[in-house]
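Protein chains in written order, with the working numbering: chain A, -3 to 761; chain B, 2 to 237; chain C, 742 to 831; chain D, 742 to 831.
Beneath this line is the structure, given in structure tokens, with notes to follow.
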Ligand SMILES: Nc1ncnc2c1ncn2[C@@H]1O[C@H](COP(=O)(O)OP(=O)(O)O)[C@@H](O)[C@H]1O
Ligand SMILES: [Mg+2]
């Protein structure tokens, strides 16, 4: 390169024969700016070789290096007495009591899923499972948070169907129950689906192990599948915008998942960790051997030396560049204790897996790569793993979105035609309708610990041998975040927390996945910063620190970004499993109590999208303090065993929440008779998405006590009606307006919607 | 009851089966598929659900050729009780201990939910603690549970009353709508001619406690314990 | 010994339900190919085997089919040396 | 119009992992066939199509592959008139 700093003579590292010269184009192709390359030259004191350029480009990609997000992420609260492991490891870990710890993390596979939905989603699940079991925890549950365009496009149906079977087949085969997630359809995700997978793992506190390469001289072993040419440059690829034709050029980047090998790796890893023969273990995820080896060295303050010829490959003639950057799935890097290599090998052999010694821990703090003894890369570890330049950019809100937020929606409060028809339309809209078509493809009962299966507010896994359980949910309404990022992010947390308290869990901590567009654009950077600020404020208010997460930027097609979507994965703790309740009404004759206040807010609502095709207005107001009070009130009621059901109001508003509680899992639906006298337009009461509302039901003899607890926490509460028998129908009246339908009609709208769309014979429309 | 729970690479229901045996007071032991001479010490052999060898090629096919299966066959031939659940059922069919085959679900999708099954017989070692015609709620979780066999085999199975469990609706009727996978005659579980080998797709081991949604599977395990005790008493 | 490239085809037995074939058939018809009469879906398994002769290779593969690759209850099989098919390719 | 019997083979693209092939390979080796070098698994799809000529039939099947039968990201395909393979049969 012409502007190269004068290379200091370093005869040790020579370009491999056939390597292209490092040109400005090559540097740009690797996603590095000229400034960043100069920084690399300064670090090396010379020009990089191609191998080294590949290594830097992977480690300094957004995915590994968090260039554009690291400074913002520092704003998030990460500490609490119950946090055992905060951000920075493969997964966060919290104390859940009785000697148990919960490891959990969320991760995105958006770009791979856009190219090949089945494999993209499957390998996404595989990666997040490895992040959890490499902490020493046994994975006990998976959740999946998905976003697609509108289902009227055949391409979208193909992506949705493929992603769901990919998520299902992988988790089912490994044998981890799915306990929840979300699916959202909105034209804002056309072309850029979002596929985020979350995993929860349990361990005894003392079983925790971290990913660091300690103990100079200890051997590094590659374990599991062989390294192939698939997914090379996946890390950089995941950080670039998709453009027309990227279907073609990204073909070799597809990775195929092998859940069978994953299951063996899972068992072998837990056995290895328990054996005490390991110093550290890490998944070879994004940027493969490069990131796992250099990060483990970096955490320990050591160096590593790896011999490429020792790495088991699937194909002949792979170059160090290819081996180092391959993202072949189901591989792990372990640091064994010297002298205990045979024990490691025996365990792996029992599980019918391959292991190869590929290098060792050194004391010189360098990341050194050999090929047949010749040094092909030699880089100081810390600048590589921690020296990635980070940027703070100018964020400016887009004037269009400002205008959109200011839209006057009052005309939409006037009903368009028959209210009941509108209600059934809303209940059957893919965003509100039952996702049974999705989770019916997921094993939810394996491991016999699922106390609450998907379909309600949050999933619950009991902890055997204790009275405890952990609950989890994923939430984010991207429309709200789009319209006002800071408020939208706070709502995402508020909703997650409400979902947890509805099953009786105390919100404890979060992981998050920041799915955004191109941060180099000021209005996107604005969204990112605002969303992080909103998240930070809500985490503080709810005492739910962030223990980890994932950033997926550049989710754009032809310059159009997705809605900013900071998915919140929140976990909570239940101390006594006998207090768990669910969202379904239980007994005819029970009172229905509404906690919270109805408003006329329609901004960003599903009602607006379904009836007018609009995403506009201001998102509903959220008050963190009253949300917190609501959470505490509901938890107090549940712990006192006063409630028979609890369900929060989200997409589709109060009317849809009541219908969901009436229908339950569809097996024995009940009816509802509710009378409301709010001085708010009926459309707002029924379909508005005001925050801070939960619908509970209880034995009429307990209603006073329920209302008293609400008063104690200063939560507005009132008895709004009764649960009835199924054959008495569903009727909700707001002053003189009402929706009323048979339970069969409700059930058909709610459960029939997705099957009607997805099981219809393929049509070429 | 000393029960061997066989683990193949890729089994994932072995743990649940182990816990189920413990819950009814039995003594389970995991037996790895490569262990030799391992089954002599046991009174019952249980083949778990899961994806042995990833279910690559055909569900249960590679597992049916594992070293342990010769011993399972011998154990069954000698009259010992053998239970195959889900992948275990598929493996027993591949090993020809049970007739027929389990092919792709008719809808081509993995099916996970609680289904209802009717108990057709209570005179097997696995069903004495049920009532005839009793309708159970038990989870299924499989992609290949569609029971198929040639016409002659199917007629024989029905003729000899070897269908033990059948998918039914809430009223106990075997309707098409209640059939989750397209199985012939809504078959959910069958026994061999001698009555000592049972295969079933639903998971009784996942229906042992109400906290996980149902305890209707328990009686299958108590039946087995009971019949082993009485046969021991009989031979004493 | 030479290396032979063999091809095994495993096909659902006639008369047996083939849910995948049925679904593909339905999909093809609704995508605008009513002229498709029937569809059956089987497996194509490619084996690379060291053997002393073509005959030896085919005999070995046949034994593998009997033992593992095909299920006689539901499937028929054929074994052959792999060759490029006549016709169009991707 | 005549009825043509076509055969489509869909095979994982070279370089991609084929977990099925890998597992079957392992099984065959441990069943006593160490001479098996590699195994790849694809699909064999049999189509019965009304068409005006052989060429027409093959063109139609090729279009079906592009549209539905093969996934271009992960699979290659071949189309041909179905013929009995040379070699052994079940
Ligand atoms: N992708 C998915 N995977 C698993 N379960 C899902 C998925 N999508 C939705 N569900 C289930 O359906 C329930 C209802 O979904 P949603 O309407 O998003 O709930 P909420 O509004 O309470 O967050 C979820 O709580 C979850 O249990
Ligand atoms: Mg909810």
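In this text, a Cβ means the ideal position worked out from N, Cα and C, and glycines have one as well.
In this text the structure is predicted, and so the values were computed from the model without any measurement.
Chain D within 7 Å of residue i, Cβ atoms only
{"i": "residue 252 of chain A", "result": "yes"}
{"i": "residue 769 of chain C", "result": "yes"}
{"i": "residue 341 of chain A", "result": "no"}
{"i": "residue 225 of chain A", "result": "yes"}
{"i": "residue 112 of chain A", "result": "yes"}
{"i": "residue 754 of chain C", "result": "no"}
7 Å Cβ cutoff, residue i in contact with chain B
{"i": "residue 814 of chain C", "result": "yes"}
{"i": "residue 831 of chain C", "result": "Low confidence applies to residue 831 of chain C: its pLDDT is 42, below 50, so where it sits in the model is not reliable enough to give any reading."}
{"i": "residue 461 of chain A", "result": "no"}
{"i": "residue 811 of chain D", "result": "no"}
{"i": "residue 799 of chain D", "result": "no"}
{"i": "residue 764 of chain C", "result": "yes"}
{"i": "residue 439 of chain A", "result": "yes"}
{"i": "residue 819 of chain D", "result": "no"}
Chain A contact for residue i (CB, 7 Å cutoff)
{"i": "residue 773 of chain D", "result": "no"}
{"i": "residue 822 of chain D", "result": "no"}
{"i": "residue 758 of chain D", "result": "yes"}
Boundaries of the beta strand (DSSP E) in which residue i is found, first to last residue
{"i": "residue 727 of chain A", "result": "726 to 730"}
{"i": "residue 787 of chain C", "result": "777 to 792"}
{"i": "residue 720 of chain A", "result": "713 to 720"}
{"i": "residue 100 of chain A", "result": "96 to 104"}
{"i": "residue 809 of chain D", "result": "Run containing residue 809 of chain D: none; DSSP gives neither H nor E here."}
Range covered by the alpha helix (DSSP H) that runs through residue i
{"i": "residue 763 of chain A", "result": "Because residue 763 of chain A is not part of the residues shown, which for chain A are -3 to 761, the question remains open."}
{"i": "residue 347 of chain A", "result": "Counting along the chain, residue 347 of chain A falls outside any alpha helix (DSSP H), and DSSP gives it neither H nor E."}
{"i": "residue 102 of chain B", "result": "Element bounds for residue 102 of chain B: not the alpha helix (DSSP H) but the beta strand (DSSP E), 102 to 104."}
{"i": "residue 39 of chain A", "result": "30 to 40"}
{"i": "residue 256 of chain A", "result": "255 to 271"}
{"i": "residue 156 of chain A", "result": "150 to 170"}
C-beta neighbour in chain C for residue i, strict 7 Å
{"i": "residue 745 of chain D", "result": "no"}
{"i": "residue 785 of chain D", "result": "yes"}
{"i": "residue 777 of chain D", "result": "yes"}
Per-residue DSSP class, three states only, for residue i
{"i": "residue 773 of chain C", "result": "coil"}
{"i": "residue 752 of chain D", "result": "strand"}
{"i": "residue 760 of chain D", "result": "helix"}
{"i": "residue 433 of chain A", "result": "helix"}
{"i": "residue 484 of chain A", "result": "helix"}
{"i": "residue 179 of chain A", "result": "strand"}
{"i": "residue 694 of chain A", "result": "strand"}
{"i": "residue 740 of chain A", "result": "helix"}
**Asked** Do the segment 349 to 363 of chain A and the segment 20 to 38 of chain A make contact, defined as three or more Cβ pairs closer than 8 Å?
**Response** Not touching, per the Cβ criterion.
**Message:** Does the segment 730 to 744 of chain A come into contact with the segment 416 to 423 of chain A, if we say contact requires no fewer than three beta-carbon pairs (one atom in each stretch) closer than 8 Å?
**Reply:** Touching, yes, given that three or more Cβ pairs across the two stretches are closer than 8 Å.
**Asked** Do the segment 114 to 129 of chain A and the segment 97 to 105 of chain A touch if we need at least three Cβ pairs shorter than 8 Å?
**Response** Segments in contact, yes.
**Segment contact, 8 Å Cβ cut-off, at least three pairs: the segment 676 to 691 of chain A with the segment 587 to 606 of chain A** = Touching, per the Cβ criterion.
**Message:** Restricting to runs no shorter than 3 residues, where is the beta strand (DSSP E) found entirely within the segment 119 to 152 of chain B?
**Reply:** Whole beta strand (DSSP E) segments, 3+ residues: 136 to 143 and 147 to 149.
**Prompt:** Three or more beta-carbon pairs under 8 Å between the segment 479 to 489 of chain A and the segment 438 to 448 of chain A, yes or no?
**Reply:** No contact exists between the segment 479 to 489 of chain A and the segment 438 to 448 of chain A.
**Request:** Tell me, please, whether the segment 53 to 67 of chain B touches the segment 210 to 229 of chain B by the rule of three or more beta-carbon pairs shorter than 8 Å.
**Result:** Put simply, the segment 53 to 67 of chain B does not touch the segment 210 to 229 of chain B. Fewer than three CB pairs are less than 8 Å apart.
**Asked** Would you call the segment 119 to 131 of chain B and the segment 216 to 225 of chain B touching, i.e. three or more CB-CB distances under 8 Å?
**Response** Counting Cβ pairs under 8 Å, three or more are found: they touch.
**Message:** Across the segment 457 to 472 of chain A and the segment 559 to 573 of chain A, are there enough close Cβ pairs to call them in contact, namely three or more that are closer than 8 Å?
**Reply:** Contact between the segment 457 to 472 of chain A and the segment 559 to 573 of chain A is present, because at least three Cβ pairs lie under 8 Å.
**Asked** Given 8 Å as the limit, is there contact between the segment 509 to 517 of chain A and the segment 549 to 558 of chain A, that is, 3 or more CB pairs closer than that?
**Response** Three or more beta-carbon pairs separated by less than 8 Å link the segment 509 to 517 of chain A to the segment 549 to 558 of chain A, which places the two stretches in contact.
**Prompt:** Counting only runs that start and end within the segment 310 to 369 of chain A, where is the alpha helix (DSSP H) found for 4 or more residues in a row?
**Reply:** As far as the segment 310 to 369 of chain A is concerned, its whole alpha helix (DSSP H) runs of at least 4 residues are 316 to 321 and 337 to 346.
**Request:** Decide if the segment 70 to 88 of chain A is in contact with the segment 304 to 313 of chain A; the criterion is three or more beta carbon pairs, one per stretch, under 8 Å apart.
**Result:** The segment 70 to 88 of chain A is not in contact with the segment 304 to 313 of chain A.
**Asked** Enumerated in chain order, which unbroken segments of the beta strand (DSSP E) with a length of 3 residues or greater are wholly contained in the segment 205 to 232 of chain A?
**Response** Qualifying beta strand (DSSP E) stretches, in chain order: 215 to 220.
**Request:** Taking only runs that begin and end inside the segment 3 to 82 of chain B, name each unbroken alpha helix (DSSP H) of 4 or more residues, in chain order.
**Result:** If only complete runs of 4 or more residues are kept, the segment 3 to 82 of chain B shows the alpha helix (DSSP H) at 15 to 24 and 68 to 78, in order along the chain.
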